[in-house]
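Chemist:
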Amino acid sequence: MDELAIQIILGISVASVPLIFAAIGELVVERSGVLNLGVEGMMIMGAIIGLVVQYHTGSGLLSVIAAMAAGMLMASIFAFLTQLFLTNHVATGLALTLFGLGVAAFIGKNYSDITVTRISALHIPWFSDLPVIGSLVFGYDPLFYLAILMVFLVWWFLFKTKRGLILRAIGDNHDAAHAIGHQVIRYRVLAILFGGGMAGIGGAYLSLVQVPMWVEGMSAGRGWIAIALVVFASWQPFKVIVGALIFGGISILQLHAQAFGVYIPAQYLSMLPYLMTIIVLVSLRIGSKSNTNRTMPNCLGKVFHSTS
Amino acid sequence: MKYQLELQNICKSYGSLKANEDITLGIKPASIHALLGENGAGKSTLVKIIYGSLQSNSGTMKWCDQDYKPNSPFEAREKGLAMVFQHFSLFESLTVAENIILGLDGVGLDSDYIEQITKYSKQYGLNVNAQQVVGDLSVGARQRVEIIRCLMQEPKLLIMDEPTSVLTPQEVSDLFITLRKLAENGCTILYISHKLEEVRQICHQATILRGGKLIQNCNPQEHSKRELAEMMIGKKLINLARSNIKIGEDVFSINNLSKKSEEMFGVDLHDICLTVKEGSIVGIAGVAGNGQDELMHLLIGEKKSPEGVLIFKGKDIGKLNSHQRRQLSMFFTPEERLGHGAVADMKLDENMLLSRPQKSEMTNYGVINWQQVEMLTQRVITDFDVQTQSSKMLAQSLSGGNLQKFMVGRELIQNPDLLIVAQPTWGVDAGSENHIHQSLITLAEQGSAILIISQDLDEVLTLCEQVHVITAGKLSPAVDMQDNGLEKLSQLMVGGKSND
């Protein structure tokens, strides 16, 4: 395999990691019946906080944890408003996104001209030195492996544990779950916090691995793509990886098309991921109407009143 | 132990509304105890207090002679209470097994629950398949899932909230066999219902509630159905009789209607013929799921029919939508109340307006005359005794029976030339049933044509001159009820089997 192909595959993988993080978090949130459109805002907060902590401490671990905490803090605002004050999920989520973008830009003012140390790829003795396989399988940064692990953990939690079953049940019919005596709000708040943490790490990946510096608005719509990805994956964890690779692939294609001398204006290529999102969502609906309905949580986005 | 569960002076109020007032009663162990009452009599509230989903304002409870004050259903379940809800608390996208596990405390996904489900389903004759997704099941099968879920907790007291309101007659008798077996095995059953015949059949004791108060404790077997009904509603029932039947011209006919179902588990309709004349009431009897829904969709105009098949007053209406059909004075009450019959999160007066034809007394040049709307809504509310605080309440906030009364009333007061009504008294209590039946008869006497699709054989027999039976999408010829119709009808019913 030639060097370029390896480069492209590596590039696709790296491009898809933030999407996997954000989408797997949102998947759990939506499975519990909550629609959080604030993913973009939580991601960018993760990106800036991760970068700031990395700049001051130089510790990759610490900055990823800080980014996660930032995402969770953002998510807790959403949880507080939607679960305790019963505000509308869509409006609150949109507000969260705008809020996050604004705050991140504000914090980022002082960090605009600096670069930080990139979280580097793991070097596993012997394995990483293998030809081709070495760089394709063992040549990534630790967060890449964490992303894959999270997908597996979420799948295991949702489909192999009782608590996962309860979470899915709450998303399917919160009134029934409440009637049986399950704590709808507690599960949802925890799910939202998990979603926030994952989005935060996904954001940190942008500013600590992909481009180790701060660029205003660097999440560049990835939060929205992550939300679309959840639908694309029809709320199935493993399909998130497939979807993320496709979207990651398109954004890499966009870079390499120019290198190959394909003369399409850059703007058209930058439209591609978003255009793809729309096409995928529409064709999913047309392709299998009943199938998508079956897996979509019935209570998605509905406000739960615990009084009755 | 004299009583399994004892209630003393239980009170519960919502604002000024007293849902339960000073209720004292005892339920004997291993008995089937009925809680009888009309819609809104406070049965559900009382049961929720017993099951811990609600807390009483005052009063005490004793369970096995010990103080009992549950703060949540979990606590109630720990003591050995279990409940089958009226609106099933099932999760449609999950399998039967998953649904059952969700109601069980301390059971993980790894235990041998599927074996247990099969065990219980065999022991009590509750036929379900543990691996099926609940969304694909019939209503009866869903209830069986609920019951198994309760039984797996090995309860000492099983609460059943209107368990038969959605079942076919065969399913009801199967359920009764199960309940009797349970009582023999020492399980106490609290049976909430307004169906008097059922209560008389299987209950040992009955407590009658009315307007939140306890009216009487009695042995239901010692009272007639009528006596119980009158205790329940607090007034005398009207004797139903069709006195002057004047049959006129054909109003509506279906000529050789055949249609393949578009749904996955739908029923294909074959060659359906039927005529409804002025002043007559025609019934379609049959067990649910034999094509009634598919037929109703075509009659309402939710789906279009082929040409020349649906004729209303000499006009082919097969291609008209339901609004255009209403314009011609053809009105409907579908079976599904929320979604088809009423918009769940709109107010009653808005729902009233929505079922009107474009040009009606409620609008002037397209502008709504709210005074008129309010007046007509109030008329339906008072005439049909709909229990609601005002016409501004949301449709979904009404109990099922109340909403049914509102929907039937809404169509009835328009004096339609043709009224098509599915399950007119589904989930409605005795007093209101009586009233709805009386109103339908009056409407027919005024010359309207009425088509009733109902599972309730008693209802069809009381009201209709002519009855068809629907089985597997085929409609029998009309049976005239005057000349020994019941016999022919039972033969037709026996001939057809439920496809459930």
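Here the protein sequences come in this chain order: C and L.
Counting from 1 along the first sequence, just add 152 to a position and that's the residue number in our numbering.
Counting from 1 along the second sequence, just add 229 to a position and that's the residue number in our numbering.
Glycine is no exception: its CB is placed at the ideal position from the N, C-alpha and C atoms.
Source: prediction; values computed, not measured.
Between which residues of its own chain and L:G354 is the CB-CB distance below 7 Å, once the five residues before and five after are set aside?
Modeler: Here residue 354 of chain L corresponds to residue number 125 of the second sequence, with the count starting at 1. Closer than 7 Å at the Cβ level, and outside the excluded window around L:G354, lie D403, I406 and T407.
Chemist: Which residues in chain L have a C-beta closer than 9 Å to the C-beta of C:R320? List them in chain order.
Modeler: By 1-based counting over the first sequence, the position of residue 320 of chain C is 168. Near C:R320 (Cβ distances below 9 Å), the residues of chain L are F320, S322, L323 and E327.
Chemist: Excluding five sequence neighbours on each side, which residues of the same chain lie with their C-beta closer than 8 Å to the C-beta of C:V382?
Modeler: Position 230 of the first sequence holds residue 382 of chain C. So the list reads A175, E178, L179, E182 and V392, once near-sequence residues are dropped.
Chemist: State yes or no: is the beta carbon of L:P302 nearer than 7 Å to at least one beta carbon in chain C?
Modeler: As a first step, residue 302 of chain L must be located in the second sequence, where it is residue number 73. With 7 Å as the cut-off, L:P302 counts as an interface residue toward chain C.
Chemist: Kindly give me the distance between the Cβ atoms of L:K506 and L:I476, rounded to whole angstroms, as I take these residues to be in contact under 8 Å.
Modeler: Mapped onto the second sequence, residue 506 of chain L falls at position 277. Mapped onto the second sequence, residue 476 of chain L falls at position 247. That belief holds up - the Cβ atoms of L:K506 and L:I476 are roughly 5 Å apart, short of 8 Å.
Chemist: Taking any Cβ of chain L, which residues in the segment 310-335 of chain C have a Cβ under 8 Å from it, in chain order?
Modeler: Residues passing the 8 Å Cβ filter: K312, T313, K314, L317, I318, R320, A321, D324, N325, D327, A328, A329, A331, I332, G333 and H334.
Chemist: Could you give the uninterrupted runs of the alpha helix (DSSP H) lying entirely in the segment 505-532 of chain L, keeping only those of 4 residues or more?
Modeler: Qualifying alpha helix (DSSP H) stretches, in chain order: 521-529.
Chemist: Output the distance between the C-alpha atoms of L:D545 and L:L503, rounded to the nearest integer angstrom.
Modeler: On the second sequence, position 316 is the one that residue 545 of chain L refers to. On the second sequence, position 274 is the one that residue 503 of chain L refers to. Taking the straight line joining both Cα atoms gives about 15 Å.
Chemist: Apart from the five residues on each side of it in sequence, which residues of its chain come closer than 7 Å, Cβ to Cβ, to C:Y339?
Modeler: Working through the first sequence from its first residue, we reach residue 339 of chain C at position 187. Within the same chain, C:Y339 has close Cβ partners S184, I318, L319 and I322.
Chemist: Would you please state the rounded distance, in angstroms, between the beta carbons of C:Y207 and C:V268? I believe it to be under 8 Å.
Modeler: In the first sequence, the residue the question calls residue 207 of chain C occupies position 55. In the first sequence, the residue the question calls residue 268 of chain C occupies position 116. Contact flag correct, Cβ pair sits at about 5 Å.
Chemist: Can you give me the start and stop residues for the beta strand (DSSP E) that L:F561 sits inside?
Modeler: Within the second sequence, numbered from 1, the residue matching residue 561 of chain L stands at position 332. Element bounds for L:F561: M559 to T562.
Chemist: From this set, C:V205, C:T313 and C:A356, which residue's C-alpha is nearest C:L295's C-alpha?
Modeler: Start at 1 with the first residue of the first sequence, and residue 295 of chain C comes out as number 143. Closest option to C:L295, Cα to Cα, is C:A356.
Chemist: Looking at the structure shown, is C:R374 part of a helix, part of a strand, or coil, going by DSSP?
Modeler: Walking along the first sequence from the start, residue 374 of chain C turns up at place 222. C:R374 falls in the helix class under three-state DSSP.
Chemist: Which residues of chain C have a Cβ atom closer than 7 Å to the Cβ of L:S282, listed in chain order?
Modeler: Counted from its first residue, the second sequence places residue 282 of chain L at position 53. Result: A331.
Chemist: For the segment 243-307 of chain L, which segments carrying the alpha helix (DSSP H) assignment without a break, of at least 4 residues, lie completely within its bounds, in sequence order?
Modeler: Counting only runs of 4 or more, we get 272-280.
Chemist: List the residues that DSSP assigns as beta-bridge partners of L:A311.
Modeler: By 1-based counting over the second sequence, the position of residue 311 of chain L is 82. Partner(s): L:L387.
Chemist: Give every residue of the same chain whose Cβ lies closer than 6 Å to the Cβ of L:E456, excluding the five residues on either side of it in the sequence, and list them in chain order.
Modeler: Stepping through the second sequence from its first residue, residue 456 of chain L is reached at position 227. None.
Chemist: Should L:L623 and L:K576 be called a contact, given that it needs their Cβ atoms to be closer than 7 Å?
Modeler: Stepping through the second sequence from its first residue, residue 623 of chain L is reached at position 394. Stepping through the second sequence from its first residue, residue 576 of chain L is reached at position 347. Yes, Cβ-Cβ distance for L:L623 and L:K576 is below 7 Å.
Chemist: Which runs of the alpha helix (DSSP H) at least 4 residues long sit entirely within the segment 359-440 of chain L? Give them in chain order.
Modeler: Counting whole runs of 4 or more residues, the segment 359-440 of chain L contains the alpha helix (DSSP H) stretches 368-380, 398-413 and 425-431.
Chemist: Starting from L:V496, follow the alpha helix (DSSP H) in both directions and report where the run begins and ends.
Modeler: Taking the first residue of the second sequence as position 1, residue 496 of chain L is located at position 267. That residue, L:V496, is in no alpha helix (DSSP H); it is neither H nor E in DSSP.
Chemist: Using the rule of at least 16 other Cβ atoms within 10 Å of the residue's Cβ for burial, across every protein chain shown, is C:N443 buried or exposed?
Modeler: Against the first sequence, residue 443 of chain C aligns to sequence position 291. Model confidence at C:N443 stands at a pLDDT of 47, short of 50, so the residue's coordinates are unreliable; what they give is reported in the following sentence. Label assigned to C:N443: exposed.
Chemist: Rounding to the nearest angstrom, what Cα-Cα distance links C:R270 and L:Q345 in this structure?
Modeler: Position 118 of the first sequence, counted from the first residue, corresponds to residue 270 of chain C. Position 116 of the second sequence, counted from the first residue, corresponds to residue 345 of chain L. Approximately 56 Å between the Cα atoms of the pair.
Chemist: Just to make sure I have the definition right: I need the residues of chain C whose C-beta is within less than 9 Å of the C-beta of L:L331. Which are they?
Modeler: Stepping through the second sequence from its first residue, residue 331 of chain L is reached at position 102. Here the neighbours are K314, L317, I318, A321, A328, A329, I332 and H334.
Chemist: DSSP state of L:Q643, grouped into three classes?
Modeler: The residue labelled residue 643 of chain L in the question sits at position 414 within the second sequence. Looking at L:Q643 - three-state DSSP - the assignment turns out to be coil, as it is neither helix nor strand.
Chemist: Given L:P645, which residues of its chain have a CB within under 7 Å of its CB, disregarding the five upstream and five downstream residues?
Modeler: Position 416 of the second sequence, counted from the start, is the residue given in the question as residue 645 of chain L. Result list for L:P645: S558, M559, F560 and S677, in chain order.
Chemist: Are the Cβ atoms of L:L692 and L:F481 separated by less than 7 Å?
Modeler: The residue given as residue 692 of chain L occupies position 463 in the second sequence. The residue given as residue 481 of chain L occupies position 252 in the second sequence. Not closer than 7 Å, so no.
Chemist: Do you know offhand how far L:Q600's Cα is from C:I332's?
Modeler: Taking the second sequence and counting its residues from 1, one reaches residue 600 of chain L at position 371. Taking the first sequence and counting its residues from 1, one reaches residue 332 of chain C at position 180. If I take the Cα positions, the gap works out to 44 Å.
Chemist: Measuring alpha carbon to alpha carbon, tell me which of L:S282, L:E459, L:R555 and L:I431 ends up nearest L:G266.
Modeler: Here residue 266 of chain L refers to the residue found at position 37 when the second sequence is read from its first residue. Among L:S282, L:E459, L:R555 and L:I431, the Cα nearest to that of L:G266 is on L:E459.
Chemist: Which whole runs of the alpha helix (DSSP H) in the segment 368-433 of chain C are 4 residues long or more, in chain order?
Modeler: If we require 4 residues or more, the alpha helix (DSSP H) runs fully inside the segment 368-433 of chain C come out as 374-384 and 389-411.
Chemist: Pull the bridge partners of L:F541 from the DSSP assignment, please.
Modeler: On the second sequence, position 312 is the one that residue 541 of chain L refers to. According to DSSP, L:F541 bridges with L:F481 and L:K544.
Chemist: By DSSP, does C:A273 sit in helix, in strand, or in coil?
Modeler: By 1-based counting over the first sequence, the position of residue 273 of chain C is 121. In this structure, C:A273 counts as coil in the three-state DSSP scheme.
Chemist: Between C:T444 and chain L, is the shortest Cβ-Cβ distance under 7 Å, so that the two count as touching?
Modeler: The residue you call residue 444 of chain C lines up with position 292 of the first sequence. Legend: pLDDT at C:T444 = 44, less than 50; position of this residue unreliable, value from coordinates given subsequently. So, not an interface residue.
Chemist: Apply the 10 Å Cβ neighbour rule to C:I200 and answer buried if 16 or more other Cβ atoms are within range, or exposed otherwise.
Modeler: In the first sequence, counting from the first residue as 1, residue 200 of chain C sits at position 48. Classification of C:I200: buried, given that the 10 Å Cβ count is 16 or more.
Chemist: If you follow the beta strand (DSSP E) that L:A678 is in, where does it begin and where does it stop?
Modeler: In the second sequence, the residue the question calls residue 678 of chain L occupies position 449. Element bounds for L:A678: A678 to I682.
Chemist: Short of 8 Å in beta carbon distance, which residues of its chain neighbour L:K257, apart from the five on each side in sequence? Order them along the chain.
Modeler: Counted from its first residue, the second sequence places residue 257 of chain L at position 28. Within the same chain, L:K257 has close Cβ partners K231, Y232, Q233, T417, H433 and Q434.
Chemist: Would C:S460 be called buried (16 or more neighbouring beta carbons within 10 Å of its own) or exposed?
Modeler: For the purposes of this step, residue 460 of chain C is taken as residue 308 along the first sequence, with counting starting at 1. Because the pLDDT at C:S460 is just 45, under 50, the model does not fix this residue reliably, and the point stays unresolved.
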